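**Q** With our numbering, the residue at position 31 of the sequence shown is 28, and numbering never jumps. Yeah, the Cβ is synthetic: ideal placement off N, Cα and C, and Gly gets one too. Computed from a prediction, not measured in an experiment: that's the story for all the values here.
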Amino acid sequence: MKDFFDTWKFKILIGIAVFLGYTAYDQCFNYFIKDQFGFTSAYNGAIKGVIGFISLVANATICMSIIRRGKVNRSVAYVLSACTLTIFAVLFLDEMRIPFLIVNVVFYAFNAVSIPLLQDMVAKKAEGNDSNLVMGFYNATKSLGGIIGSLTAGFLYAKGASL
-2 MKDFFDTWKF
8 KILIGIAVFL
18 GYTAYDQCFN
28 YFIKDQFGFT
38 SAYNGAIKGV
48 IGFISLVANA
58 TICMSIIRRG
68 KVNRSVAYVL
78 SACTLTIFAV
88 LFLDEMRIPF
98 LIVNVVFYAF
108 NAVSIPLLQD
118 MVAKKAEGND
128 SNLVMGFYNA
138 TKSLGGIIGS
148 LTAGFLYAKG
158 ASL
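1. Give the list of continuous alpha helix (DSSP H) stretches no shorter than 4 residues that lie fully inside the stretch -2 to 48.
2. In whole angstroms, give me the CA-to-CA distance for Y22 and S128.
3. Pull up the distance between the alpha-carbon of I11 and that of Q33, whole angstroms please.
4. Expressed to the nearest angstrom, what Euclidean distance is found between the alpha-carbon atoms of V87 and R66?
5. By Cβ distance below 6 Å, which residues in the same chain neighbour V73 in space, the five residues on each side in sequence not counted?
6. Classify N70: buried if its beta carbon has 16 or more other beta carbons within 10 angstroms, exposed otherwise.
7. Exposed or buried, what is F50 when buried is set at 16 or more other beta-carbons lying within 10 Å of its beta-carbon?
8. Does the pairing of the stretch 37 to 57 with the stretch 98 to 117 give three or more beta-carbon distances under 8 Å?
9. Please report the straight-line C-alpha distance between L77 and V103, rounded to a whole angstrom.
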């Protein structure tokens, strides 16, 4: 069983879960700030712009440092744990706009770091002629996670904004 957890197949399954969760969260975030806070599309765009800039900085510093040190497997666990903690923190801050937005920006920064780390983990497990196949499968599962995540977001948000 331990061998399975060290394969590229397991790492791709983790990727599907991460991309599904991220897409569902991102879609619900968009719904939430418009529905609950009354923000316009311009505010959403401005928030996403700030998130994009902070994500770029996080990838250029934190992510590159982790990859250079070579402790990607352990670091991914910490980064995904930080994503989980920030998502749970959001549940307690949904009434407060500024703390809610700050915690979300932190979540998006951690998520931006996790994506290249997951890709690095999968790429290192791909061997020889299979590397193109593995990376193609990784990208396909990333898309699958996005599709299922979007669908999930619609159903979850319809059941309750905090879900």
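**A** Walking through what the data contain:
1. -1 to 2, 5 to 32
2. Looking up residue 22 in the sequence shown gives position 25. Looking up residue 128 in the sequence shown gives position 131. C-alpha separation (whole angstroms): 30 Å.
3. Against the sequence shown, residue 11 aligns to sequence position 14. Against the sequence shown, residue 33 aligns to sequence position 36. About 31 Å.
4. Stepping through the sequence shown from its first residue, residue 87 is reached at position 90. Stepping through the sequence shown from its first residue, residue 66 is reached at position 69. Each residue's alpha carbon lies about 31 Å from the other.
5. Position 76 of the sequence shown, counting from 1, holds the residue named residue 73. So the qualifying residues of the chain are L114.
6. Reading the sequence shown from its first residue, position 73 is the one you call residue 70. Under this definition N70 is an exposed residue.
7. Locating residue 50 in the sequence shown gives position 53, counting from the first residue. F50 should be labelled exposed.
8. yes
9. Position 80 of the sequence shown, counted from the start, is the residue given in the question as residue 77. Position 106 of the sequence shown, counted from the start, is the residue given in the question as residue 103. Cα to Cα, L77 sits roughly 12 Å from V103.
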